[in-house]
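Residue numbers (this note's numbering), protein chains in the order written: chain H, 150 to 316; chain Z, 6 to 243.
Idealized CB from N, CA, C, for every residue including glycine.
Since the model is a prediction, treat every value here as computed from it, not as a measurement.
One structure is given here, and the rest of the page talks about it.
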């Protein structure tokens, strides 16, 4: 399960591959997308291997919506249309499954209502699906990570730590 | 009047807008790339890749700057020509390291010691796990298996994460594979690569130190901060 940060990274790396971006362009886009967390070329490569080796990737419509919006002044937004076209093609190829999570279904459990108020709808939906699917949730969100590190029925990991780990 | 404008350029002064552009498009990206190079060089991970032969994390300086900002690099060099020497030295050592890695790789793939170890270890692991040899190399065709191992040896690869197809083989036998660097036909190439890596590291250190010093001078002289704006840390908090 990919939260917004890893999902955007996934789409950005794919976009860079498809456009055969040179070293400098890759660094500029990746640095912009990863904002503040180091993501060296070797880590990009590991991320690619991880995704290639994963049978299924899951995400939510809310996460997709946030990611495809792009920030107004991001490096990627300068080529927004092409990024969008390339991303949509990837999203349609079937590897990444978009699992819907209606608000009514989410709010049927009071705890998720609370979660929406605390973390927002996107995070609440991602956590809800990770619980249902009992899958690994990759995120960049330290707050979310620290909330669910212990006692959750699903595994949650920070992307950059997961990529460096050899467990 | 190209001649006249060329002559007068020397007398023109730099202002804060130009310094801001140098920081954002040349100095900061370059320092960031050099820091990544340094980290890998210290670990003696040359980031050599046999497929489309290259050093993944070590590239000539010009390639560290996005194409549309390369004119800014040229302008910076016009005002700071002393950097040409540091940049040439860096790029020369990147090329030397690339050449030594390629020779090191070739020496390994041609080495009988590696070929013997490949057949023995894969057979052992295959028998123990009931998996085929191809399973330990993912999508790599059999003709590339030795190349994969040689690349790991050249880069002194550490333990691999579980999602690497090669992890079961490499994580179990990496010590034995890495010892092959010391075998007779391979050792001179290993030593040459280490020497090239150490020289590149010195070039990276010198270039970084001079870039930082110049950035410092420009920052104080023109009242331009190194970084103008800090973006939110979390990608999703937009």
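Asked: Best match in 272(H), 160(H), 189(H) for proximity to residue 172(H) [C-alpha to C-alpha]; Found: 189(H)
Asked: Within chain H, partners of residue 70(Z) - CB distance below 7 Å; Found: 173
Asked: Contained beta strand (DSSP E) runs [length at least 3] in the segment 158-219 of chain H, N- to C-terminal order; Found: 206-208
Asked: Proximity test, Cβ basis, 8 Å: residue 198(H) and chain Z; Found: yes
Asked: Residue 1(Z) at chain H interface by Cβ criterion, 8 Å; Found: No statement about residue 1(Z) is possible, as the shown extent of chain Z runs from 6 to 243 and does not include it.
Asked: Contact the segment 177-190 of chain Z vs the segment 291-301 of chain H: 3+ CB pairs below 8 Å; Found: no
Asked: Cβ of residue 267(H) within 8 Å of any chain Z Cβ; Found: no
Asked: The segment 159-172 of chain Z in contact with the segment 66-80 of chain Z per 3-pair CB rule at 8 Å; Found: no
Asked: Whole-Å CB distance - residue 152(H) paired with residue 286(H), under 8 Å assumed; Found: 7 Å
Asked: Proximity of residue 60(Z) and residue 51(Z) at Cβ, strictly below 8 Å; Found: yes
Asked: Residue closest to residue 245(H), alpha-carbon to alpha-carbon, out of 281(H), 201(H), 283(H), 280(H); Found: 201(H)
Asked: Any C-beta of chain H under 8 Å from that of residue 66(Z); Found: no
Asked: Chain Z residues whose Cβ lies nearer than 8 Å to that of residue 191(H); Found: 45, 50, 52, 61, 62
Asked: Boundaries of the alpha helix (DSSP H) in which residue 82(Z) is found, first to last residue; Found: 75-84
Asked: Contact set between residue 253(H) and chain Z, taken where Cβ atoms lie within less than 9 Å; Found: What residue 253(H) touches in chain Z: nothing, since even the nearest Cβ is about 24 Å away.
Asked: Nearest-angstrom beta carbon gap, residue 53(Z) and residue 156(Z) [assumed within contact, 8 Å]; Found: 6 Å
Asked: Whole-number beta carbon distance between residue 194(Z) and residue 105(Z), since they are thought to touch under 8 Å; Found: 7 Å
Asked: Beta carbon proximity, residue 177(H) to chain Z, threshold 8 Å; Found: yes
Asked: Under 8 Å between C-beta atoms of residue 319(H) and residue 261(H); Found: This structure cannot speak to residue 319(H), because chain H is shown only from 150 to 316.
Asked: Cross-chain neighbours of residue 314(H) in chain Z, by beta carbon under 7 Å; Found: 166
Asked: Euclidean distance between Cα positions of residue 311(H) and residue 195(H); Found: 10 Å
Asked: Own chain residues within Cβ distance below 6 Å of residue 240(Z), not counting five before or after; Found: Caution is warranted here: a pLDDT of 40 is assigned to residue 240(Z), below 50, making its placement in the model unreliable, and the coordinate value is therefore given only provisionally. Excluding positions up to five away in sequence, the list is empty.
Asked: Close beta carbons around residue 212(Z), own chain, < 6 Å, minus the five adjacent residues each side; Found: 91, 95
Asked: Exposure of residue 200(Z), with buried meaning 16 or more beta-carbon neighbours within 10 Å; Found: exposed
Asked: Which listed residue (235(H), 179(H), 271(H)) has its alpha carbon closest to that of residue 251(H); Found: 271(H)
Asked: When 19(Z), 215(Z), 186(Z) are compared against residue 111(Z), the one with the closest alpha-carbon; Found: 186(Z)
Asked: One or two residues paired with residue 306(Z) in a DSSP bridge; Found: It is not possible to answer for residue 306(Z), since the shown part of chain Z is limited to 6 through 243.
Asked: Distance between residue 130(Z) and residue 136(Z) (C-alpha atoms, nearest Å); Found: 8 Å
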